[in-house]
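Visitor: What follows is a single structure, and I will ask about it in a moment.
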Amino acid sequence: MTTRYYLWTVGCQMNRADSEKLAAGFDRLGLKATDRIERADVVVLNTCSVRQHAEDRAYSKLGRIRDLKKERPHLKVALMGCMVGLKTDELERRFPQVDAFARPQQFGPIMELVEGPAEDLGGEFWPTTYAVPEGPTSFVPVVHGCNKFCTYCIVPYRRGREKSRPMDEIVREVAYLTAHGVREVTLLGQTVEAYGHDLDDQPDLGDLMRELSSLERLERIRFLTSYPRDMTGRILEAIAALPKVMECFSLPVQAASDAVLESMRRGYTKAEYVAKVAEVRALMPAAGITTDIIVGYPGETGADFQETRELLEALRFDKVHVAAYSPRPGTIAWRKMEDDVPADVKSERLHRVEEIEGRISQEINERYVGTTQQILVEGVRGTQPFGRTRTGKLVHLDVPARIGSLVDVRIEHAGPFSLRGTPVDALVTV
Ligand code: SAM
Ligand code: SF4
Numbered sequence: 002m003t004t005r006y007y008l009w010t011v012g013c014q015m016n017r018a019d020s021e022k023l024a025a026g027f028d029r030l031g032l033k034a035t036d037r038i039e040r041a042d043v044v045v046l047n048t049c050s051v052r053q054h055a056e057d058r059a060y061s062k063l064g065r066i067r068d069l070k071k072e073r074p075h076l077k078v079a080l081m082g083c084m085v086g087l088k089t090d091e092l093e094r095r096f097p098q099v100d101a102f103a104r105p106q107q108f109g110p111i112m113e114l115v116e117g118p119a120e121d122l123g124g125e126f127w128p129t130t131y132a133v134p135e136g137p138t139s140f141v142p143v144v145h146g147c148n149k150f151c152t153y154c155i156v157p158y159r160r161g162r163e164k165s166r167p168m169d170e171i172v173r174e175v176a177y178l179t180a181h182g183v184r185e186v187t188l189l190g191q192t193v194e195a196y197g198h199d200l201d202d203q204p205d206l207g208d209l210m211r212e213l214s215s216l217e218r219l220e221r222i223r224f225l226t227s228y229p230r231d232m233t234g235r236i237l238e239a240i241a242a243l244p245k246v247m248e249c250f251s252l253p254v255q256a257a258s259d260a261v262l263e264s265m266r267r268g269y270t271k272a273e274y275v276a277k278v279a280e281v282r283a284l285m286p287a288a289g290i291t292t293d294i295i296v297g298y299p300g301e302t303g304a305d306f307q308e309t310r311e312l313l314e315a316l317r318f319d320k321v322h323v324a325a326y327s328p329r330p331g332t333i334a335w336r337k338m339e340d341d342v343p344a345d346v347k348s349e350r351l352h353r354v355e356e357i358e359g360r361i362s363q364e365i366n367e368r369y370v371g372t373t374q375q376i377l378v379e380g381v382r383g384t385q386p387f388g389r390t391r392t393g394k395l396v397h398l399d400v401p402a403r404i405g406s407l408v409d410v411r412i413e414h415a416g417p418f419s420l421r422g423t424p425v426d427a428l429v430t431v
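Rendered as structure tokens:
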């Protein structure tokens with residue numbers, strides 16, 4: 002009888018990449034995916050702990066699984082991702098319905114649970130297993146973990162220290178992906194510019210991008226997430242000089258007041274952050290830049306928040322991911338600081354940021370109308386093909402286009418979240 006697996010994933014692109022890899026490992030063993038948990042023999046929850054809300058979603062799944070397991074005792078359950086730390090005894094006590102626990106990028110315990118062969122238990126980075134691409138874009142983790150220990154953040158405790166994958170291993174993986182239809186890769190790291198500093202010959206992200214650029218079938222290279230202090234002038238110059246690297250930055254600032262930045266231990270001042278954005282724009286004037294903001298961090302005053310608003314107005318980001326501060330057990334902020342900004346104030350600040358970002362995104366997007374942009378066609382929603390510009394803007398096309406093709410598109414309409422346009426070729430022939 003076929004063994005069916007249900008794989009549930011929340012959180013960042015790293016988790017998505019891990020799940021795709023795990024699915025490839027399962028498929029190789031002959032397991033079949035199902036999107037109905039009640040039909041599964043194996044359930045894997047790939048979890049996120051960055052905010053309480055994400056954990057709550059996993060708790061609710063775990064409740065459902067506890068009931069399911071009463072009816073189906075043979076069900077095998079694994080909990081994976083950032084909810085799993087070094088020690089699992091507390092989790093084992095709370096969730097007896099779980100049979101295996103695996104930290105991010107730790108595939109071994111899950112492969113053991115499904116009785117995979119001993120020589121295929123994952124291992125560090127599991128270089129023998131590549132995700133099966135589902136379209137022309139793919140995520141490729143290049144550096145795992147984080148050393149920065151921002152006071153509010155759980156990531157270093159759950160993902161461990163920064164650890165780069167060897168360059169030749171990444172090049173092999175991307176070559177495999179391009180041989181299977183991938184045209185664009187997104188290089189992933191919690192602080193992606195930290196890539197390479199722990200490797201013997203200390204290559205940097207620019208060196209890796211240069212190597213990958215030589216792969217003929219690869220058309221575009223993206224990278225996430227940037228950490229201002231790791232983003233050196235050398236890396237920026239490589240990004241600007243390499244035609245396959247997209248002018249698309251995710252550069253979280255988190256807050257603008259120097260007092261809050263220092264308390265967060267972000268490692269830069271507002272002026273240094275502003276200078277970094279200026280450096281990017283001097284080299285790549287059209288660059289798309291998105292950011293992350295936390296509102297209601299402990300001690301954030303109205304005046305501190307005003308600085309955040311002013312920064313958003315001054316730097317005009319393409320998109321702002323905003324979250325209310327959520328205390329994470331075990332972090333420095335959780336241990337040492339009182340969560341003293343009331344929920345209604347957090348929510349009010351969150352909405353203020355959303356208002357600013359909605360207006361500015363719309364204004365920026367309108368400037369695209371009438372321009373021609375290169376789009377990689379990623380897929381079709383309903384009958385409409387869609388893809389992204391080199392600056393990361395989502396574009397819907399008016400006419401059919403081949404998935405995986407690079408097309409020049411004339412932008413005709415702009416909304417706050419996406420653009421719409423027609424391929425130039427179609428305009429000529431109409
Ligand atoms: N490494 C990136 C950086 O340096 O900003 C971001 C990685 S973090 C996992 C993703 C985002 O989650 C952060 O940029 C931050 O805005 C948000 N985040 C992290 N911890 C949070 C917390 N305790 N409460 C609210 N948001 C949080
Ligand atoms: Fe978390 Fe800071 Fe590391 Fe980003 S840099 S993952 S916010 S500790």
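Straight run, no breaks: the sequence shown in this note's numbering ends on number 431. For every residue, glycine included, the Cβ atom is placed at its ideal position computed from N, Cα and C. All values reported here derive from a predicted model rather than from experimental measurement.
(1) Could you check whether the Cβ of T192 sits closer than 6 Å to any heavy atom belonging to ligand 2?
(2) Just checking E293 against ligand 1 - is the residue's beta carbon closer than 6 Å to any of the ligand's heavy atoms?
(3) With A325 as the anchor, note down where its beta strand (DSSP E) starts and where it stops.
(4) For a test of the three-state rule: what should DSSP assign to V186, helix, strand or coil?
(5) To the nearest angstrom, how far is it from the Cα of I290 to the Cα of I361?
(6) Alpha carbon to alpha carbon, what distance is there between E174 and E1?
(7) Is the closest heavy atom of ligand 1 to the C-beta of A324 under 6 Å?
(8) On the three-pair Cβ rule with 8 Å, is the stretch 374-382 touching the stretch 335-350?
(9) Please determine, among Q191, S20, G331, D169, the residue with the shortest C-alpha to C-alpha distance to D293.
(10) Can you tell me which of L114, T35, P167 puts its alpha carbon nearest to the alpha carbon of F126?
(11) If you measure from the CB of P105, is any heavy atom of ligand 1 nearer than 6 Å?
(12) Note down the Cα distance separating S227 from A288, rounded to an integer number of angstroms.
(13) Is any non-hydrogen atom of ligand 1 found closer than 6 Å to the C-beta of Y228, if you look at the structure I gave you?
(14) Using 10 angstroms around the beta-carbon of P299, count the other beta-carbons present and answer buried if the total reaches 16, otherwise exposed.
(15) Give the straight-line distance between the Cα atoms of V78 and Y60, rounded to the nearest whole angstrom.
(16) Per DSSP, what kind of secondary structure is E311 in: helix, strand or coil?
(17) Can you tell me whether V454 sits near ligand 2, meaning its C-beta is under 6 Å from at least one heavy atom of the ligand?
(18) Go to V278, then tell me how far its beta strand (DSSP E) extends in each direction, as first and last residue.
(19) Give the straight-line distance between the Cα atoms of R373 and I357, rounded to the nearest whole angstrom.
(20) Who are the Cβ neighbours of G416 in its own chain at under 6 Å, not counting the five residues just before and after it?
(21) Using CA atoms only, rank isn't needed, just tell me which of A402, T129, A260, E185 is closest to G136.
(22) Would the C-beta of P204 count as close to ligand 4, meaning under 6 Å from any of its heavy atoms?
(23) Can you round the beta-carbon distance between M285 and E238 to whole angstroms, since I take them to be within the 8 Å contact cut?
(24) How is V431 classed by DSSP in three states: helix, strand or coil?
(25) With which residues is R223 paired in a DSSP beta bridge?
(26) Under a Cβ-count criterion, where at least 16 other Cβ atoms within 10 Å of its own Cβ denotes burial, should D90 be classed as buried or exposed?
(27) Are there three or more Cβ pairs, one per stretch, closer than 8 Å when the stretch 250-263 is compared with the stretch 214-221?
(28) Please go through the stretch 390-424 and give each complete beta strand (DSSP E) segment of 3 or more residues, from N-terminal end onward.
(29) Taking 7 Å as the cut-off, decide whether the C-beta atoms of R5 and K33 are in contact.
(30) Are there any heavy atoms of ligand 2 lying less than 6 Å away from the beta-carbon of P424, as far as the coordinates show?
(31) For M84, collect the residues of the same chain with a Cβ closer than 7 Å to its Cβ; drop the 5 residues on either side in sequence, then sort them by chain order.
(32) Provide the residue(s) that pair with D293 in DSSP beta bridges, ordered along the chain.
(33) Quickly, what does DSSP pair H145 with across the bridge? List them, please.
(34) Measure how close the beta-carbons of A402 and V408 come, nearest whole angstrom, since I'm counting them as under 8 Å.
(35) Could you give the DSSP three-state label for A176: helix, strand or coil?
(36) Below 8 Å on the Cβ atoms is my guess for F457 versus L206; work out the distance and round it to an integer in Å.
Guide: In terms of the structure at hand:
(1) Residue 192 sits at position 191 when you count from the first residue of the sequence shown. Yes, ligand 2 has a heavy atom inside 6 Å of this Cβ.
(2) For this step, residue 293 is matched to residue 292 along the sequence shown. The residue you asked about is not Glu; residue 293 is Asp in the sequence shown. D293: yes, Cβ under 6 Å from ligand 1.
(3) Reading the sequence shown from its first residue, position 324 is the one you call residue 325. A325 -> beta strand (DSSP E) spans 320-325.
(4) Residue mapping note: residue 186 aligns to position 185 of the sequence shown, counting from 1. Taken through DSSP and simplified to helix, strand or coil, V186 comes out as strand.
(5) As a working mapping, residue 290 is identified with position 289 in the sequence shown. As a working mapping, residue 361 is identified with position 360 in the sequence shown. Roughly 12 Å between the two C-alpha positions.
(6) Residue 1 lies beyond the range of the chain shown here (2 to 431); nothing can be said about it.
(7) Counting from one through the sequence shown, the residue named residue 324 turns up at place 323. Indeed, a heavy atom of ligand 1 lies less than 6 Å from the Cβ.
(8) no
(9) In the sequence shown, the residue the question calls residue 293 occupies position 292. The shortest C-alpha separation from D293 is found at Q191.
(10) On the sequence shown, position 125 is the one that residue 126 refers to. When only C-alpha atoms are compared, the closest one is P167.
(11) Residue mapping note: residue 105 aligns to position 104 of the sequence shown, counting from 1. No, since every heavy atom of ligand 1 falls outside the 6 Å radius drawn around the Cβ of P105.
(12) Mapped onto the sequence shown, residue 227 falls at position 226. Mapped onto the sequence shown, residue 288 falls at position 287. Cα to Cα, S227 sits roughly 14 Å from A288.
(13) For the purposes of this step, residue 228 is identified with residue 227 of the sequence shown, where counting begins at 1. Checking the Cβ of Y228 against ligand 1 gives yes.
(14) To locate residue 299, count along the sequence shown from 1; it is residue 298. Buried.
(15) For the purposes of this step, residue 78 is taken as residue 77 along the sequence shown, with counting starting at 1. For the purposes of this step, residue 60 is taken as residue 59 along the sequence shown, with counting starting at 1. Whole-angstrom Cα-Cα distance: 14 Å.
(16) Along the sequence shown, read from residue 1 onward, the residue named residue 311 stands at position 310. It is helical.
(17) Beyond the ends of the chain as shown, which are 2 and 431, falls residue 454; an answer cannot be given.
(18) Stepping through the sequence shown from its first residue, residue 278 is reached at position 277. Here V278 belongs to no beta strand (DSSP E); instead the alpha helix (DSSP H) covers 271-284.
(19) Taking the sequence shown and counting its residues from 1, one reaches residue 373 at position 372. Taking the sequence shown and counting its residues from 1, one reaches residue 357 at position 356. The sequence given here has Thr at residue 373, not Arg. Approximately 27 Å between the Cα atoms of the pair.
(20) Residue numbering aside, residue 416 sits at position 415 when the sequence shown is read from its first letter. So the list is empty, once near-sequence residues are dropped.
(21) Taking the sequence shown and counting its residues from 1, one reaches residue 136 at position 135. For G136, the nearest C-alpha among the options comes from E185.
(22) By its list of ligands, the structure shown excludes ligand 4, since it contains just ligand 1 and ligand 2.
(23) Sequence index remark: in the sequence shown, residue 285 carries index 284 (1-based). Sequence index remark: in the sequence shown, residue 238 carries index 237 (1-based). Contact doesn't hold; Cβ gap of about 10 Å is too wide.
(24) Locating residue 431 in the sequence shown gives position 430, counting from the first residue. With a pLDDT of only 45 at V431, under the threshold of 50, the placement of this residue in the model should not be trusted, and no figure is reported.
(25) In the sequence shown, the residue the question calls residue 223 occupies position 222. According to DSSP, which records beta bridges pairwise, R223 is partnered with T187.
(26) Here residue 90 corresponds to residue number 89 of the sequence shown, with the count starting at 1. Under this definition D90 is an exposed residue.
(27) no
(28) The qualifying runs are 395-398, 407-415, 420-424.
(29) Position 4 of the sequence shown holds residue 5. Position 32 of the sequence shown holds residue 33. Taking 7 Å as the cut-off, the beta carbon of R5 is found closer than this to the beta carbon of K33.
(30) As a position in the sequence shown, residue 424 is number 423, starting the count at 1. No - ligand 2 has no heavy atom lying nearer than 6 Å to the Cβ of P424.
(31) As a working note, residue 84 is residue 83 in the sequence shown. Correct list, in chain order: T48, S50, E56, A59.
(32) On the sequence shown, residue 293 is found 292 positions in, with the first residue counted as 1. H322.
(33) Your numbering for residue 145 matches position 144 in the sequence shown. Bridge partners of H145: K164.
(34) Your numbering for residue 402 matches position 401 in the sequence shown. Your numbering for residue 408 matches position 407 in the sequence shown. Right, their Cβ atoms sit about 6 Å apart.
(35) Position 175 of the sequence shown holds residue 176. Here A176 sits in helix by DSSP.
(36) The structure shown does not extend to residue 457, since the chain is modelled only from 2 through 431, so no value can be given for it.
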